[in-house]
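Undergrad:
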Amino acid sequence: MKQTVENLNKGNLIKAFKRLKKSTKGFSSLIVRDPLDYLDFEINIDSNVNSLVFEINSSNYHPQRPYLHLSAKSKGINRPTVVFNIEDALVYRFCIEQIEDELIKKTRQKNVRGGIKITPNKNNDGDDFYEKWFEDWMKHQKAIQASLENKKFLVTTDIASYFENINILVLKDLVRGDVSGKNCVLNLLFYFLENTRFRHDYEVNTFNGLPQEGIDCSRILAYYFLSSHDHAMADFCKIHASDFYRFVDDMSIAVNTEVDGKWALKQMAESLRKLNLVSSIEKTSIMESSKAKEELFFDENVRLTELESELKNKIKSGEDIKQTVKEIEEYYVKIKSKKESYKNWSKVLKRFYSLFTYAKSNFFFDKLIDHLKEYPLLFSENKITKYLLQNKEQ
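Throughout the sequence shown, residue numbering follows my numbering, covering 70 to 463 in sequence.
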């Protein structure tokens, strides 16, 4: 008997499209293969969605080859990001929406963050709200900071080329074990993933690599993929009186001794290897707690949050913002001279760009070229673009 994809209908796809448009960071500035792609689709959304549902349920759907866009990272290295046509982006979005609750429930535990729902939750008043990446990251930072009040060392690492090295077949087995009653949705999802990865020169399909895109779908799968690793590290921490923290693939363990730190790195390496993953040696370190507090910019992020709140409140109420902007400028000069060499400086710099964007300040005008050379991620993540657009009249 012919099966149809669970919950796949015109109404749910239109809702998925609206959520995609509403919640995706920078939706209006997403790279598209044709400037009219999204507009054309939305104008005729009823007929386009009906056609897509029919194609999928009649087994005639096949994703188009995505557009490959090389996004700058640093030191000449780039990240292979992809741009889907609107129908394929919508299929991916729909599939993730159908299973994200199960994936997040399986993965989300104390100190494991970075898995943000793309469908809205409800607050105590019954209103819909979307979870925010930045708020989750700040909670991550505060948790590590609290742990370092008692622990003497912090081990930090992340995964080398994480998205590119996730094995789709391993991921499929894991997801099928945790999501029940949605076999056809999972068939569609993994059919999509297996047929949108780039294979150069007709190479054999190794089934390695999640697409890195701008529609917040792959992040959920990447966040979930490490759930078995999280449990292994939690077990290690119980034995060694340590604390494990993860934000997507950024991992930290607060320990009491340097020896415990080395044992922690050994355990992490062995656990990741079971998933065919490896730590990035370049980004692995064991730091004394005092040094870690400096390099993670705990105090600076608190102060920047205070300045951001003050600035936004003044803008909202129509007050003069000159004094606040001056304080932000002086604070930038103060901490840049001391901490620009720290590896997390680029994250702080992004926050300054956001503040000067809100304020429509030209403070960074004479620094743009240097920032582009040293921190190309500022451009690929639209920080510089938004800053220039907001100040286009100056």
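Virtual Cβ for every residue (Gly too), placed ideally from N, Cα, C.
Among N190, N234 and D109, which has the Cα closest to the Cα of K201?
TA: When only C-alpha atoms are compared, the closest one is N190.
Undergrad: Could you check what DSSP says for I235 in three-state terms: helix, strand or coil?
TA: Reduced to three states, the DSSP call for I235 is coil.
Undergrad: Measuring straight from C-alpha to C-alpha, what distance separates P445 and F421?
TA: Going from the Cα of P445 to the Cα of F421 covers about 15 Å.
Undergrad: From which residue to which residue does the alpha helix (DSSP H) around T426 run?
TA: Element bounds for T426: W414 to A428.
Undergrad: Exposed or buried, R134, counting other C-beta atoms within 10 Å across all chains shown (16 or more means buried)?
TA: Its Cβ having fewer than 16 others within 10 Å, R134 is exposed.
Undergrad: Can you give the Cα-Cα distance for Y292 and D389, rounded to whole angstroms?
TA: The alpha-carbon atoms of Y292 and D389 are separated by roughly 42 Å.
Undergrad: Given a threshold of 16 other Cβ atoms within 10 Å of its Cβ, counted over all protein chains shown, does I112 qualify as buried or as exposed?
TA: It counts as exposed.
Undergrad: For a minimum of 3 consecutive residues, which ranges assigned as the beta strand (DSSP E) are wholly contained in the region 289-322?
TA: Fully enclosed beta strand (DSSP E) runs of 3 or longer: 312-316.
Undergrad: Under 9 Å, do L424 and E377 count as touching if we go by C-beta distance?
TA: Going by C-beta atoms, L424 is nearer than 9 Å to E377.
Undergrad: Is the distance from the Cβ of E282 to the Cβ of V151 below 9 Å?
TA: Contact flag set, yes.
Undergrad: Per DSSP, which residues does N277 bridge with? Please list them.
TA: BP columns for N277 point to N236.
Undergrad: Per the contact definition of three or more C-beta pairs closer than 8 Å, is the region 291-311 in contact with the region 255-270?
TA: Segments in contact, no.
Undergrad: Going by DSSP in three states, R245 sits in which element: helix, strand or coil?
TA: In this structure, R245 counts as helix in the three-state DSSP scheme.
Undergrad: On the criterion of 16 or more Cβ atoms from any shown chain inside 10 Å, does T374 qualify as buried, or is it exposed?
TA: The residue is exposed, with fewer than 16 neighbouring Cβ atoms inside 10 Å.
Undergrad: For R182, which residues does DSSP report across the bridge?
TA: DSSP output for R182 lists F316 as bridge partner(s).
Undergrad: So what does DSSP say about V122, is it helix, strand or coil?
TA: In the structure shown, V122 sits in a helix (DSSP, three-state: H, G or I).
Undergrad: On a CA-only basis, which of D368, E396, K331 and E364 is nearest E379? Give me that one, please.
TA: Closest option to E379, Cα to Cα, is E396.
Undergrad: Quick one: give me the first and last residue of the alpha helix (DSSP H) that T150 is part of.
TA: Segment N147 to V152 is the beta strand (DSSP E) holding T150; no alpha helix (DSSP H) there.
Undergrad: Could you tell me which residues DSSP puts in a beta bridge with A141?
TA: Beta-bridge pairing links A141 to N147.
Undergrad: Out of curiosity, what's the CA-to-CA distance linking L77 and V122?
TA: Looking at the two C-alpha atoms, the distance is approximately 7 Å.
Undergrad: Apart from the five residues on each side of it in sequence, which residues of its chain come closer than 8 Å, Cβ to Cβ, to S311?
TA: Closer than 8 Å at the Cβ level, and outside the excluded window around S311, lie K220, F305, I322, A323, V324, N325, D329 and A333.
Undergrad: Three Cβ pairs or more, each shorter than 8 Å: is that satisfied between the region 172-190 and the region 294-301?
TA: As far as the Cβ criterion goes, the region 172-190 touches the region 294-301, which means the pair count is three or higher.
Undergrad: Does DSSP classify I355 as helix, strand or coil?
TA: I355 falls in the strand class under three-state DSSP.
Undergrad: Which residue spans inside the region 344-398 form an unbroken alpha helix (DSSP H) run of at least 4?
TA: Listed in chain order, they are 358-364 and 367-386.
Undergrad: Rounding to the nearest angstrom, what Cα-Cα distance links Q214 and E156 in this structure?
TA: Roughly 43 Å between the two C-alpha positions.
Undergrad: Looking at I125: is its Cβ nearer than 9 Å to the Cβ of V74?
TA: Contact flag set, yes.
Undergrad: Please look up how many angstroms separate the CB atoms of G184 and I173, rounded, as I've assumed it's under 8 Å.
TA: Confirmed, about 5 Å.
Undergrad: What residue does the beta strand (DSSP E) around L223 start on, and which one ends it?
TA: Unbroken beta strand (DSSP E) run through L223: F222 to T226.
Undergrad: Is the region 220-239 touching the region 347-354, taking contact as three or more C-beta pairs under 8 Å?
TA: As far as the Cβ criterion goes, the region 220-239 touches the region 347-354, which means the pair count is three or higher.
Undergrad: Pull up the DSSP beta-bridge partners for Y136, would you.
TA: DSSP output for Y136 lists V152 as bridge partner(s).
Undergrad: Can you find the residues in the same chain that come closer than 8 Å, C-beta to C-beta, to K331, ignoring five residues on each side of it along the sequence?
TA: Hits under 8 Å: I355.
Undergrad: For K191, list the residues DSSP reports as bridge partners.
TA: Note: K191 sits in a beta bridge opposite D197.
Undergrad: Please report the residue range of the alpha helix (DSSP H) in which F203 lies.
TA: F203 -> alpha helix (DSSP H) spans W202 to S216.
Undergrad: Per DSSP, V74 is paired with what?
TA: DSSP output for V74 lists no bridge partner at all.
Undergrad: Rounding to the nearest angstrom, what Cα-Cα distance links H138 and K442 in this structure?
TA: Taking the straight line joining both Cα atoms gives about 19 Å.
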